[in-house]
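For reference, the structure discussed in these notes is given below.
Numbering (the UniProt record's numbering), first residue to last: 1 to 120.
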């Protein structure tokens with residue numbers, strides 16, 4: 001479950017807002033707002049698409065948090081799955097296999113987000 005967005009790392013690009021398949025996040029004045037936490041599916045899309053590593057998604061909503069300082073945990077999923085080195089052979093292979101599905105999911109989420117913003 002999304003646990004934190006660090007304002008000092010976030011550049012408010014809203015990429016996380018647009019890729020979230022369940023509209024958990026809303027645009028905010030400085031950083032996106034966690035508006036519907038109960039809708040979070042812990043899919044990690046927001047964390048994976050955040051190239052600033054400003055988002056921490058806790059792996060289990062019922063497990064104790066890692067502590068007051070999420071910094072050691074920021075970007076772990078991103079790095080462990082090779083998103084920090086996409087050009088290297090072998091990295092992202094798991095995601096490349098899902099490529100069309102993962103890409104389609106992100107596109108669907110972005111379209112739904114845009115439609116929601118327009119009030120359609």
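C-beta atoms are modelled at their ideal positions from N, C-alpha and C, and glycine is treated no differently.
Predicted model only: the values in this text are computed from it and were never measured.
Same chain, Cβ closer than 8 Å to residue 109, neighbours up to 5 away in sequence not counted: Position 109 of the chain shown holds residue 109. Cβ within range, chain order: 18, 19, 20, 21 and 45.
With DSSP as the reference, please indicate the residues paired to residue 4 in a beta bridge. Translated into positions along the chain shown, residue 4 becomes position 4. The secondary-structure analysis by DSSP pairs residue 4 across a beta bridge with 56.
Skipping 5 residues on each side, what residues in its chain have a beta carbon closer than 7 Å to that of residue 31? Within the chain shown, the letter at position 31 stands for residue 31. Contacts found: 5, 7, 10 and 12.
Please tell me whether residue 74 and residue 56 are closer than 8 Å, where the distance is taken between their beta carbons. Looking up residue 74 in the chain shown gives position 74. Looking up residue 56 in the chain shown gives position 56. It is a contact, given that the beta carbons lie within the stated cut-off.
Please state if the CB of residue 14 and the CB of residue 24 are separated by a distance shorter than 8 Å. Position 24 of the chain shown, counting from 1, holds the residue named residue 24. Position 14 of the chain shown, counting from 1, holds the residue named residue 14. Taking 8 Å as the Cβ cut-off, residue 24 and residue 14 do not qualify as a contacting pair.
Enumerate in chain order the residues of its own chain whose CB-to-CB distance from residue 37 is below 8 Å, with the five nearest sequence positions on each side excluded. For the purposes of this step, residue 37 is identified with residue 37 of the chain shown, where counting begins at 1. Result list for residue 37: 1, 2 and 24, in chain order.
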